[in-house]
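The structure under discussion appears below in the form of structure tokens.
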Amino acid sequence: MGYSARIASNPYIVGSFACIGGGLFGLDISSMSGVLTNPFYLKQFGNPNDSAQGAIVASMPAGSLVGALLVGYLGDRLGRKYSIMLAAVVWVIGSILQCASVNRGMLVAGRVISGLSVGISSSIVPVYQSEVTAPAIRGRLVSLQQWSITWGILIQYFIQFGCSDIDGTASFRIPWGLQMIPAIVLFFGMTFFPESPRWLMDHDRDEEALQILADLHGGGDKNNELVRLEFEEIRHQVIYEREEGAKSYMDLFRGNNPRRVMLGMSLQMWSQLTGMNVMMYYITYVFRGIGLVGRKAGLIAASVQYVLNVAMTVPAIIYIDKWGRRPMLLCGLTAMAFFLYLVGGLQGRLGHWGVVDNARVWVIEGQGSATKGIIVLSYLFVCSFAVTMGPVSWTYPAEIFSLKVRSKAVAMATATNWIFNFALAWATPPGFANIAYKTYFVFATFNVAGLIHVFFMYPETVGRSLEEIEEIFKQGHAFSAWKIGKDVGRTTLSEVVQKTKQVEGRSSTEKEKDQDSV
61 MGYSARIASN PYIVGSFACI GGGLFGLDIS SMSGVLTNPF YLKQFGNPND
111 SAQGAIVASM PAGSLVGALL VGYLGDRLGR KYSIMLAAVV WVIGSILQCA
161 SVNRGMLVAG RVISGLSVGI SSSIVPVYQS EVTAPAIRGR LVSLQQWSIT
211 WGILIQYFIQ FGCSDIDGTA SFRIPWGLQM IPAIVLFFGM TFFPESPRWL
261 MDHDRDEEAL QILADLHGGG DKNNELVRLE FEEIRHQVIY EREEGAKSYM
311 DLFRGNNPRR VMLGMSLQMW SQLTGMNVMM YYITYVFRGI GLVGRKAGLI
361 AASVQYVLNV AMTVPAIIYI DKWGRRPMLL CGLTAMAFFL YLVGGLQGRL
411 GHWGVVDNAR VWVIEGQGSA TKGIIVLSYL FVCSFAVTMG PVSWTYPAEI
461 FSLKVRSKAV AMATATNWIF NFALAWATPP GFANIAYKTY FVFATFNVAG
511 LIHVFFMYPE TVGRSLEEIE EIFKQGHAFS AWKIGKDVGR TTLSEVVQKT
561 KQVEGRSSTE KEKDQDSV
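Just remember that my numbering sits 60 ahead of the position in the sequence shown, which is counted from 1.
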């Protein structure tokens with residue numbers, strides 16, 4: 061299996077390059093948010109009403125849901141590396157269809173196909189990153205997935221902003237065409253990167269796996285202590301899971317897997333129910349309601365939140381392995397609930413139903429200070445998500461599952477993300493049109509519910525190997541996650557080797573019994 065040992069020796073390059081797959085997600089999010097008020101887009105696609113526009117936007121997460129579920133098969137069959145490359149090819153096909161679309165059906169088809177790619181990449185990239193990085197920097201590198209999403213959103217949005225003065229359909233076709241470039245770079249670039257050593261060992265390719273581990277963590281030295289420790293940990297886990305591992309999705313709900321599956325799925329659900337993607341998809345709708353009329357004014361105001369989204373993800377990347385997953389989630393959910401309650405309260409107190417651009421919307425008029433306050437609170441909400449929930453929602457699910465179920469389980473978690481992404485993308489325009497400011501109260505309450513769930517049920521994973529995290533879940537603490545000590549699950553090389561010998565001995569004894577019975 062070809063790869064560059066020089067590239068593999070740099071953990072930051074290995075862990076970050078695949079994040080271009082996350083960038084595809086971001087590109088597609090803002091590929092729609094920047095054209096919602098584009099007159100040429102509206103004319104080309106028959107002036108879609110709220111429900112029709114919701115369906116167009118929701119077609120991408122619908123495809124992503126299918127793509128995420130396919131990863132359970134693709135990730136185990138093709139491997140992590142080639143699944144990422146496949147996602148890049150699918151993205152290019154979807155982008156071509158979107159760029160060439162002449163009606164809603166063709167546009168929706170292109171977005172569904174692009175969604176397949178995003179579903180595959182958003183599921184498999186965190187798995188790949190978690191399996192090729194050392195525990196000390198794993199959170200930092202997996203969180204780059206979220207940062208790449210924010211960059212994709214920002215780049216696409218400013219491309220659309222730059223094309224907004226073009227007369228004709230080129231104003232939205234050019235941005236939709238340019239989004240193919242990152243996927244092409246991802247496809248060819250991944251040929252220089254190694255496969256996951258954990259996947260290789262699960263497919264009886266131990267020598268390749270050991271060499272890759274040596275290149276990744278030991279400067280090419282197979283006898284490096286860290287390399288030997290990780291190799292023995294993985295070998296022990298592979299042997300154990302061959303006896304009890306998952307063969308199908310139904311196995312995810314047997315043994316001690318259901319708890320972790322529900323934690324992974326729930327975290328992705330909460331990441332959507334925070335209301336962040338409502339801001340990403342429909343921010344121009346939000347600002348239109350507080351008096352920012354005119355295409356340029358809305359685009360400029362919306363661009364600020366995309367810049368903040370990128371900038372505020374940086375502290376999370378730097379400190380995620382110092383702050384810990386639990387503190388980030390708890391602080392983020394608290395802050396987001398607070399800001400959403402304030403936005404909803406101000407809009408409810410000072411707003412009324414009105415008509416803007418021939419659409420019935422909840423508006424605030426003649427309240428300059430309140431308008432500025434709502435804009436600032438919206439930006440603070442975005443910052444709160446970017447520095448907490450955004451990175452952790454991708455890092456945590458990739459850490460908590462055992463090797464044998466990891467691909468399928470992360471696929472289930474990511475599929476949950478896309479189910480709620482799809483539902484919110486479709487339901488948000490009618491929501492703003494019917495219950496207006498109360499929409500903010502709904503999402504604020506979701507944040508409070510997520511806060512309670514995380515406090516009681518989500519154990520800390522920072523600084524632990526994937527195999528040590530496995531040990532934490534074996535010990536229980538289902539409803540007392542805050543009680544888990546820092547030393548719980550820690551292992552040494554000698555302990556891992558001893559466990560491996562015990563499992564191998566047990567397997568050999570069982571095989572001898574089977575042969576005797578025959």
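No residue lacks a Cβ here, since even glycine has one placed at the ideal position from N, Cα and C.
- In this structure, residue 150 sits away from residue 181, with a CB-CB distance that is not shorter than 7 angstroms.
- Note: residue 414 is bridge-paired with 421 in the DSSP secondary-structure output.
- In the three-state reduction of the DSSP assignment, residue 169 falls in the helix class.
- Collapsing the DSSP output to three states places residue 226 in coil.
- Proximity to residue 82 across 299, 210, 111 peaks at 210, based on C-alpha coordinates.
- In this structure, residue 294 sits near residue 258, with a CB-CB distance shorter than 7 angstroms.
- Residue 135: member of the alpha helix (DSSP H) spanning 110-137, first to last residue.
- In this structure the region 184-191 does not lie against the region 279-293, because fewer than three pairs of beta carbons, one per stretch, are closer than 8 angstroms.
- Judged by DSSP secondary structure, residue 320 falls within the alpha helix (DSSP H) whose first and last residues are 317-333.
- In this structure, residue 362 sits away from residue 243, with a CB-CB distance that is not shorter than 7 angstroms.
- When DSSP assignments are scanned along the region 437-491, the uninterrupted stretches of alpha helix (DSSP H) that are 4 or more residues long and fall wholly within it turn out to be 449-459.
- With at least 16 other beta carbons inside 10 angstroms of its own, residue 171 counts as buried.
- A contact between stretches requires three or more CB pairs, one per stretch, nearer than 8 angstroms, and the region 384-396 fails this requirement with the region 212-220.
- Annotated three-state conformation of residue 519 is coil, per DSSP.
- Comparing alpha carbon positions, the residue from 521, 464, 481 closest to residue 301 is 464.
- Between residue 483 and residue 324, the CB-CB gap reaches or exceeds 7 angstroms.
- Residue 271 and residue 516 have their C-alpha atoms spaced approximately 41 angstroms apart.
- Scanning its chain for C-beta atoms nearer than 6 angstroms, with the 5 sequence neighbours on each side dropped, one finds around residue 123 the residues 172, 175, 176, in chain order.
- A distance below 7 angstroms separates the beta carbons of residue 198 and residue 190.
- Under the 10 Å beta carbon count, residue 336 is surrounded by 16 or more other beta carbons and is classified as buried.
- Put simply, the backbone Cα of residue 458 is about 16 angstroms away from that of residue 141.
- Collapsing the DSSP output to three states places residue 251 in a helix.
- In this structure, the beta-carbon distance from residue 402 to residue 440 does not fall below 7 angstroms.
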